[in-house]
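Residue numbering for the sequence shown follows the numbering used here, beginning at 162 and increasing consecutively.
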Amino acid sequence: MTAFWRAYFGVFCLSLVLFGALLSAGAFAPSSGPIAALMAILSGGETIEFTAALRFCLGLMGAITIGWAVMIYGVMQVAFKLGAQGRPLWDAITSGLIVWYVIDGICSIATGFALNIIPNTALAAMYLVGLNLSGARKNAV
């Protein structure tokens, strides 16, 4: 895989880390403004009440998102080294992304945050475009 595609996937993982940090920041009143604004947009303008439970969930979701990004980055590093033999790792990352996308989309719609599907689709598309154009899933020889 070329240096460009390695950097591309690094940016993908970094975007997950940054989003996780944004979510985690919502756990604290002084730093919750950006996530409050985003949630208002994604809910169609609803006012969001930052209860202790919501702050806990935001912190937890942020931590999980950052952990997910770090894990994906690590798996990608191994897949890069394995070359064509790394296809099962790319398949595992792709399967995880699909499971996340479907469940997150269903939950987004069910809870009144259907617009969340837009950034989710952008993130999934970023990954899938890179996966397809980089040749990462070439069959093992």
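All C-beta atoms in this analysis are idealised placements derived from N, C-alpha and C, irrespective of residue type, glycine included.
How would you label residue i, buried or exposed, when you count the other beta carbons within 10 angstroms and need 16 or more for buried?
{"i": "CYS174", "result": "buried"}
{"i": "ILE254", "result": "buried"}
{"i": "ASN293", "result": "exposed"}
{"i": "LEU177", "result": "buried"}
{"i": "LEU221", "result": "exposed"}
{"i": "THR208", "result": "exposed"}
{"i": "SER256", "result": "exposed"}
Would you give the residue range spanned by the alpha helix (DSSP H) that residue i belongs to?
{"i": "SER269", "result": "248-271"}
{"i": "ARG216", "result": "213-243"}
{"i": "ASN293", "result": "278-295"}
If you draw a straight line from the C-alpha of residue i to the C-alpha of residue j, how long is it?
{"i": "VAL302", "j": "ILE233", "result": "Confidence at VAL302 is low in this model, with a pLDDT of 41, below 50, so the placement of that residue should be treated as unreliable; the coordinate-derived value is given next. Their Cα atoms are separated by approximately 24 Å."}
{"i": "PRO249", "j": "SER295", "result": "16 Å"}
Given a cut-off of 7 Å on the beta-carbon distance, is the pair residue i and residue j in contact?
{"i": "PHE274", "j": "SER204", "result": "yes"}
{"i": "TYR288", "j": "LEU243", "result": "no"}
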